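Student: Let me begin by handing over the structure; questions about it come next.
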Amino acid sequence: MPQALLPFDLLPVFNAQPGATLLLSPEWVVVAVSDDYLAAAQTQRDIIVGQFIFDAFPDNPDTPDANAVANVRASLAQVMATRQPHDMAPQHYDVPDQSRPGRFLERYWKPRHTPVFDDAGQVRFIIQSVQDITASWRAEQGLRESQAREQVAQAEAETQRQRLYNVLMQLPAQVAVYHGPDHVYQFVSPNYQRMFPHRSFLGRPFREGMPEAEGLGVVALFDQVYQTGEPYYGHEMEGWFDFAGNGRPEQLFFELSLHPLHNVRGEIDGVLDFSYDVTEQVRARQQVQQLNDELEARVQQRTAELEAVRAEVEEQRNRLLRLFGQAPAHINLFSGPNLVWTLVHPASQRVMPHRPFLGLPRRQALPELPDAQHALFERVYRTGEAAYAPEESRRLDLHGNGEMHEEFFDMTVQPTYDAAG
């Protein structure tokens, strides 16, 4: 037996030595094995002693890329040829599972092969000493996988952030983002900046960037939203602003929406300001109202002929009111040629609270709409040309009970672009 190659009185010493070691003959037959090696490989001495090493420890057929047998064979051949020890790189070398024949246990090792010479200077044995690095490898692999997932998540978050940024930059409204209790400007959309070309906003508190707002009470509204977490909606608010920077304020009517912003811990750390100019609409309505008042005063004195004039003027008033009414407040974002709903405005959801929108194509989310109303959106996506559909009639199942309700909308459909245009 190969054990006879080793003096019998040294076997117990070799077997009990600390560390996982295997003693091989020059033919790579297992001569002796330490107790620590048996424990690491989860095998028994009488099973592997006397076996050719690669019969005792064959390749795992489920991990052909590991090349375990070929790598160890090359290292042993190098030791025989150079008569020098050889330290191998970490190896994926699974070991047979003695409790489940044909199955293997995953193992990672750090092997070293050392020649032992006889009195004539010939290689008599090769000592294979190994370190079981399976636990540390798995930990490192888990760390690498966690880092990879984190990088993917960061890339996805950056993509979403950039997409939302592009949307904010293209919105036909004035948008600003503020941080902290002093409402310091963090973001200003191009439309916002164009209204005040002579002012710088970023990094300044709202009170400094927009001093006129203090007298309007808007600063107090910012504080209220920041402190309570409740949004605020202002309808046709009037203000006087120095747009040209010449000290001569001009009248402005605007729709104002203020929304709290939260950090990753759910704490309020800022405010979103979304507003748009409705000055022309308000003035048109005021003019129509003034005209209507004058007609109402004259109607008591006019003849039947003036009744027809009054009816015509009334119809004109109604047309003007419909034309210059409040601009649309429902802002929704659709993505891709299928117009998948990627941003749902709260007001849209409140109209049909039972209806899911996010992640659905527009046709699937609103199946009751006729093809022509979907085709308008698809045409804008295809051509890149914005479309405006005033007083569009839609028959919608508002309550999810199959009962259709007719709703009217002034609708602006505008293309959005990615960073490549």
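Convert by adding 66 to the 1-based position in the sequence shown; the result is the number in our numbering.
Note that the Cβ used here is the ideal one computed from N, Cα and C, for glycine as well.
Please read all numbers here as calculations on a predicted model, not as lab measurements.
#1: Check whether the Cβ atoms of Gly246 and Asp131 sit closer than 8 Å, and answer yes or no.
#2: Rounded to the nearest angstrom, what separates Asp252 and Leu268 at their Cα positions?
#3: Using only the alpha-carbon positions, how far apart do Val250 and Ala485 sit?
#4: Could you have a look at Gln317 and say whether DSSP puts it in helix, strand or coil?
#5: Quick check on Ala219: does DSSP put it in helix, strand or coil?
#6: Could you tell me which of Thr200, Arg416, Phe191 and Ala143 sits nearest to Tyr159, measuring between CA atoms?
#7: I need the straight-line Cα distance from Arg416 to Glu444, nearest angstrom please.
#8: Between which two residues does the beta strand (DSSP E) holding Tyr454 run?
#9: Who pairs with Ser195 in a beta bridge, going by DSSP?
#10: To which residues of the same chain is Phe191 closer than 6 Å at the C-beta, ignoring the five residues directly before and after it?
#11: At the level of alpha carbons, what is the spacing between Arg448 and Pro403?
#12: Pick helix, strand or coil for Gly336, following the three-state DSSP scheme.
#13: Note down the Cα distance separating His301 from Ser341, rounded to an integer number of angstroms.
#14: Starting from the C-beta of Tyr483, find all residues in its chain whose C-beta is less than 6 Å away, skip the five residues before and the five after it, and write them out in chain order.
#15: Whole angstroms are fine: how far does the CA of Ile397 sit from the CA of Pro17?
#16: Does the Cβ of His179 have 16 or more other Cβ atoms within 10 Å, making it buried, or fewer, making it exposed?
#17: In whole angstroms, give me the CA-to-CA distance for Pro92 and Asp153.
#18: Is it buried or exposed for Gln356, if we count other Cβ within 10 angstroms and need 16 for buried?
#19: Could you tell me which residues DSSP puts in a beta bridge with Phe400?
#20: Out of Ser414, Glu224, Gly311 and Asp248, which has the shortest C-alpha to C-alpha gap to Ser266?
Tutor: Concretely, from the data shown:
#1: For the pair Gly246 and Asp131, the CB atoms are not nearer than the 8 Å cut-off.
#2: Looking at the sequence provided, one finds Gln at residue 252 rather than Asp. So the two alpha carbons sit approximately 6 Å from each other.
#3: Taking the Cα positions, Val250 is about 27 Å away from Ala485.
#4: Strand at Gln317.
#5: Three-state result, Ala219: helix.
#6: Cα-wise, what sits closest to Tyr159 is Thr200.
#7: The straight-line gap separating the alpha-carbon atoms of Arg416 and Glu444 is approximately 25 Å.
#8: Run containing Tyr454: Ala453 to Leu462, per the beta strand (DSSP E) assignment.
#9: In DSSP, Ser195 forms a bridge with Thr87 and Arg178.
#10: Result list for Phe191: Leu89 and Val182, in chain order.
#11: Approximately 8 Å, taken between the alpha carbons.
#12: Gly336: strand per DSSP, three-state reduction.
#13: Pairing His301 with Ser341, the inter-Cα distance amounts to about 10 Å.
#14: Short of 6 Å from the beta carbon of Tyr483, and not among the five residues preceding or following it, lies no beta carbon of its own chain.
#15: It is not possible to answer for residue 17, since the shown part of the chain is limited to 67 through 487.
#16: The residue in question, His179, is buried, as its Cβ has 16 or more Cβ neighbours within 10 Å.
#17: Straight-line measurement puts the Cα of Asp153 at about 18 Å from the Cα of Pro92.
#18: Residue burial is scored here from C-beta neighbours: Gln356 has fewer than 16 other C-beta atoms within 10 angstroms and is therefore classed as exposed.
#19: Paired residue(s): Trp407.
#20: Ser266 has its Cα closest to that of Gly311, out of Ser414, Glu224, Gly311 and Asp248.
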